[in-house]
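*Asks:*
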Amino acid sequence: MTEDYAVGNLVGRTEDYLNEVALKSLAGAISVLHTSENLLPTAEKVKLVSRSIDAVAYLAYKESQFCLPGRTETRHESINSYSGSHLKPIVDWWAEDLTVLRIDIFHRVLMAMLARGFKQYSLGPILMIYAQKSLRGLVRNHSENPINVVFLFFSHVPDSKSWRRKYLGGGGKILSQSKNTRRGSCWRPL
Numbered sequence: 804m805t806e807d808y809a810v811g812n813l814v815g816r817t818e819d820y821l822n823e824v825a826l827k828s829l830a831g832a833i834s835v836l837h838t839s840e841n842l843l844p845t846a847e848k849v850k851l852v853s854r855s856i857d858a859v860a861y862l863a864y865k866e867s868q869f870c871l872p873g874r875t876e877t878r879h880e881s882i883n884s885y886s887g888s889h890l891k892p893i894v895d896w897w898a899e900d901l902t903v904l905r906i907d908i909f910h911r912v913l914m915a916m917l918a919r920g921f922k923q924y925s926l927g928p929i930l931m932i933y934a935q936k937s938l939r940g941l942v943r944n945h946s947e948n949p950i951n952v953v954f955l956f957f958s959h960v961p962d963s964k965s966w967r968r969k970y971l972g973g974g975g976k977i978l979s980q981s982k983n984t985r986r987g988s989c990w991r992p993l
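One rule links them: number in this note's numbering = place in the sequence shown (from 1) + 803.
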């Protein structure tokens, strides 16, 4: 349907809804991105996936600007950390929302976040949450080192060598720099 047939048709209304409602909130943008995975060839053609990825990266960056530098936490946790009760970094609420995405889309979101100005060390916890949530039931030992869980996750992706080289290349660098470790010290073949 085009505007030639009627003003305010389905295409126009959909565009308005996406621009004015769905892609204005982080939860909405993630939801649109997750839903568009089922429509992938068409969703890519109409640039819905790239628009959603850009919206997620922008809104996540904007959301993280309200947190302390190098940390992500809620106000309540911030008050507790100032009192000295705990000092471990906590990932933003939206990081768990990203776990519904396919690995290739998740990778594109991470790359867009880096392009928007996210620091590599802040993506490490997000990668670990994604791997732990996506690998639920595959890891036998729950005391497993989170970095090993991430590498275990990436080892289960399709088309092993070329796919891992393409996606783990960036992910491995992000993780190793986020933990200040060498890749060889935490990588172990499966």
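Ideal Cβ placement from N, Cα and C applies to all residues, glycine included.
1) Which residues mark the beginning and the end of the alpha helix (DSSP H) in which Lys-1005 is found?
2) Classify Gly-927: buried if its beta carbon has 16 or more other beta carbons within 10 angstroms, exposed otherwise.
3) How far does the alpha helix (DSSP H) with Phe-921 in it extend, from its first residue to its last?
4) Below 8 Å between beta carbons: does that hold for Leu-851 and Ala-832?
5) Go ahead and pull the three-state DSSP assignment for Asn-777.
6) Do the CB positions of Leu-826 and Arg-854 come within less than 8 Å of each other?
7) From Tyr-864 to Met-914, what distance separates their C-alpha atoms?
8) Going by DSSP in three states, Leu-851 sits in which element: helix, strand or coil?
9) Buried or exposed: which applies to Arg-816, given that a residue is buried once 16 or more other Cβ atoms fall within 10 Å of its Cβ?
10) State buried or exposed for Tyr-820, treating a residue as buried only when at least 16 other CB atoms are found within 10 Å of its CB.
11) Going by the CB atoms, is the gap between Leu-904 and Leu-836 shorter than 8 Å?
12) As a quick exercise: from Ala-858, Tyr-924 and Ile-906, pick the residue whose alpha carbon is nearest that of Asn-822.
13) In whole angstroms, what separates the C-alpha of Asn-812 from that of Thr-902?
14) Please tell me whether Ile-932 and Glu-899 are closer than 8 Å, where the distance is taken between their beta carbons.
15) Just the Cα atoms here: how many angstroms apart are His-879 and Ile-929?
16) Using 8 Å for Cβ pairs, my map puts Glu-840 next to Ile-908. What's the rounded Cβ distance?
*Replies:* Concretely, from the data shown:
1) Absent from the model: residue 1005. The displayed extent of the chain is 804 to 993, so no value can be given.
2) buried
3) Unbroken run through Phe-921: none, as it is neither H nor E.
4) no
5) Residue 777 is absent from the model: the chain starts at 804 and stops at 993.
6) yes
7) 12 Å
8) helix
9) exposed
10) exposed
11) yes
12) Ala-858
13) 34 Å
14) yes
15) The predicted model places His-879 with a pLDDT of 42, which falls under 50 and marks its position as unreliable; any figure quoted below should be read in that light. Approximately 20 Å between the Cα atoms of the pair.
16) 6 Å
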